[in-house]
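Inspection log for the structure reproduced underneath, given as structure tokens.
Protein chains in written order, with my numbering: chain A, 18 to 550; chain B, 73 to 144.
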């Protein structure tokens, strides 16, 4: 199997340095990683022109983020790269947890069928970036990608942001209505603005290796506590495409990262794990854990998303997935503000919703990290006791924490959502939408493919005939689509008459047992930080 | 069926584990030991049922890696 062929993206002299007048952009995205490129595609699909600046000219070196969660795949499917990821990636949903050489338990992340996207797809970050760059190019002149363009200065007034950009041909400035800082954990935009990035560093190191080998490991996530091949530590095995396995090995704090990266140190560790199979090392890195977040993500006209705004330890796949979900939350709001369909105040809800999501991700990943790397002798006693009890007792298996895997954040109780009359109803306001198989006159499709392009009203006919409200398209069960397996009605608890307001990011904004145009109008205004028409 | 070890914590499991660890923050090993004893006594009283407590003690004494105790 040939190794991944890294492509260089061509740098061209920007118009500003060719004597042409620069233009003002509605949005400049800083950083062409998965988060920044996703933002560019999402905004372009909503008719917003985007300039993307990246200080490099190549996709991610090394596999880095590999586990793409169902919700992320649904977002990227909406943006047009989900099916390509599904075709290339390794689909999995089962995880197994071992203690020493015994399997403690296994879990199934998607026990029910009837979803277009699987629980997880493993795919190296470089493929995801490549597919997103291809998608940007398909969108033609709405997205301009500028490589080897480093942001060297940020200033803003109430009206615009001005970025100083350094290139191989020299510096220039560019103005934007908004800047999205998607420039990663060492964000230069954040540093140039002098903003804090507070949090917790865990005193632990992990070796991470991409190993090329022909092996028969199933498409599952395997995690070991204290395996005999790596005594006293933890280990994780993930399968990736191209016969590449991701192996994470806990090293302890008293190790030298530079020494541990050397092939003569890495090879025996991998050998102990995989036995006599031939293998090659494709990429090796050593990392420490951090959990940090900015106090706020929206700073005037500069908005932070992904690792620039918050960073988590990797067990749980909450970094890359959290970043993509930031973009899903932000871009419809930003597009509505730029089109003057919603007040700027709508952007404050990005802070409210995604800070709570970031805190949930940080809490879960910090707990998983603490379980793997107990801080003191008492914490270790508790951890070891849980592992001992887990062989026999169901409750203790539930306490074993090898990473709580990324789930979409429930936005219930936050400002934009209208509380339901019955707060115990399934798919309550704030819930991420569930998929289901449906049929339309075009043939067999998926519900989430219909819930795209703006607000939608999902309705099951009852006593009051529905009619359009404020131009929001209605999706009437049995009229506009057929509920092939009855899963739409079941997953959305659609009794006759039930009406659900779906946000552009496929979260429930409000729901009612009957069709009530007045209530829908009020809820729509609330969901866009506006006043009812 | 293992009734004593059945899961009763549900989705609160991680919260409860974190509460236990947090309770020991800043304590010396000796202080932690004493805290654990107080916890055992209070939890026994919270269970409030001699036969259940007897079953819990029996489950805790069965060390799964002690071959003489292993039943499988």
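Beta carbons are placed, not taken as given, at the ideal position from N, Cα and C, and that holds for glycine.
Residue i (DSSP reduced to helix, strand or coil)
i: residue 197 of chain A; result: strand
i: residue 307 of chain A; result: strand
i: residue 187 of chain A; result: strand
i: residue 265 of chain A; result: strand
i: residue 314 of chain A; result: coil
i: residue 173 of chain A; result: strand
i: residue 474 of chain A; result: strand
i: residue 255 of chain A; result: strand
i: residue 217 of chain A; result: strand
i: residue 83 of chain B; result: helix
i: residue 270 of chain A; result: coil
i: residue 139 of chain B; result: Confidence in residue 139 of chain B is poor, its pLDDT being 47 and thus under 50, which makes the residue's placement too unreliable to answer from.
i: residue 137 of chain A; result: strand
i: residue 122 of chain A; result: strand
i: residue 503 of chain A; result: coil
i: residue 276 of chain A; result: helix
i: residue 386 of chain A; result: helix
i: residue 25 of chain A; result: strand
i: residue 399 of chain A; result: helix
i: residue 423 of chain A; result: coil
i: residue 88 of chain B; result: helix
i: residue 223 of chain A; result: strand
i: residue 108 of chain A; result: strand
Spatial distance of residue i from residue j (CA atoms)
i: residue 98 of chain A; j: residue 141 of chain A; result: 14 angstroms
i: residue 544 of chain A; j: residue 536 of chain A; result: 12 angstroms
i: residue 128 of chain A; j: residue 109 of chain A; result: 12 angstroms
i: residue 317 of chain A; j: residue 245 of chain A; result: 53 angstroms
i: residue 492 of chain A; j: residue 476 of chain A; result: 6 angstroms
i: residue 182 of chain A; j: residue 156 of chain A; result: 24 angstroms
i: residue 44 of chain A; j: residue 191 of chain A; result: 11 angstroms
i: residue 134 of chain B; j: residue 527 of chain A; result: 52 angstroms
i: residue 347 of chain A; j: residue 367 of chain A; result: 6 angstroms
i: residue 207 of chain A; j: residue 546 of chain A; result: 27 angstroms
i: residue 89 of chain B; j: residue 306 of chain A; result: 21 angstroms
i: residue 165 of chain A; j: residue 42 of chain A; result: 19 angstroms
i: residue 122 of chain A; j: residue 113 of chain A; result: 6 angstroms
i: residue 410 of chain A; j: residue 78 of chain B; result: 6 angstroms
i: residue 143 of chain B; j: residue 498 of chain A; result: Because residue 143 of chain B carries a pLDDT of 44, less than 50, the predicted location of this residue cannot be relied on, and no value is offered for it.
i: residue 521 of chain A; j: residue 216 of chain A; result: 32 angstroms
i: residue 355 of chain A; j: residue 424 of chain A; result: 30 angstroms
i: residue 91 of chain A; j: residue 465 of chain A; result: 8 angstroms
Within-8 angstroms CB hit, residue i to chain B
i: residue 409 of chain A; result: yes
i: residue 25 of chain A; result: no
i: residue 449 of chain A; result: no
i: residue 394 of chain A; result: yes
i: residue 413 of chain A; result: yes
i: residue 296 of chain A; result: no
i: residue 3 of chain A; result: This structure gives no information on residue 3 of chain A, because the portion of chain A shown stretches from 18 to 550.
i: residue 424 of chain A; result: no
i: residue 405 of chain A; result: yes
i: residue 335 of chain A; result: no
i: residue 399 of chain A; result: yes
i: residue 418 of chain A; result: yes
i: residue 279 of chain A; result: no
i: residue 95 of chain A; result: no
i: residue 373 of chain A; result: no
Whole-Å CB distance - residue i paired with residue j, under 8 angstroms assumed
i: residue 303 of chain A; j: residue 277 of chain A; result: 5 angstroms
i: residue 56 of chain A; j: residue 322 of chain A; result: 7 angstroms
i: residue 359 of chain A; j: residue 353 of chain A; result: 4 angstroms
i: residue 201 of chain A; j: residue 430 of chain A; result: Not really, about 31 angstroms apart at Cβ, beyond 8 angstroms.
i: residue 82 of chain A; j: residue 339 of chain A; result: Wrong, their Cβ atoms sit about 10 angstroms apart, outside the cutoff.
i: residue 258 of chain A; j: residue 87 of chain A; result: That belief does not hold up - the Cβ atoms of residue 258 of chain A and residue 87 of chain A are roughly 18 angstroms apart, past 8 angstroms.
i: residue 79 of chain A; j: residue 300 of chain A; result: 4 angstroms
i: residue 72 of chain A; j: residue 167 of chain A; result: 4 angstroms
Proximity test, Cβ basis, 8 angstroms: residue i and chain A
i: residue 114 of chain B; result: no
i: residue 126 of chain B; result: no
i: residue 120 of chain B; result: no
i: residue 80 of chain B; result: yes
i: residue 135 of chain B; result: yes
i: residue 111 of chain B; result: no
i: residue 130 of chain B; result: no
Within chain D, partners of residue i - CB distance below 8 angstroms
i: residue 384 of chain A; result: The structure shown contains no chain D; its protein chains are A and B.
Inspect the CB distances between the segment 447 to 465 of chain A and the segment 108 to 124 of chain B and report whether three or more fall short of 8 angstroms. Segments in contact, no.
If contact is defined by three or more beta carbon pairs under 8 angstroms, each pair taking one atom from either stretch, is the segment 416 to 432 of chain A in contact with the segment 330 to 343 of chain A? Contact between the segment 330 to 343 of chain A and the segment 416 to 432 of chain A is present, because at least three Cβ pairs lie under 8 angstroms.
Could you tell me whether the segment 430 to 448 of chain A touches the segment 516 to 525 of chain A, using the rule of 3 or more Cβ pairs below 8 angstroms? Yes, they touch.
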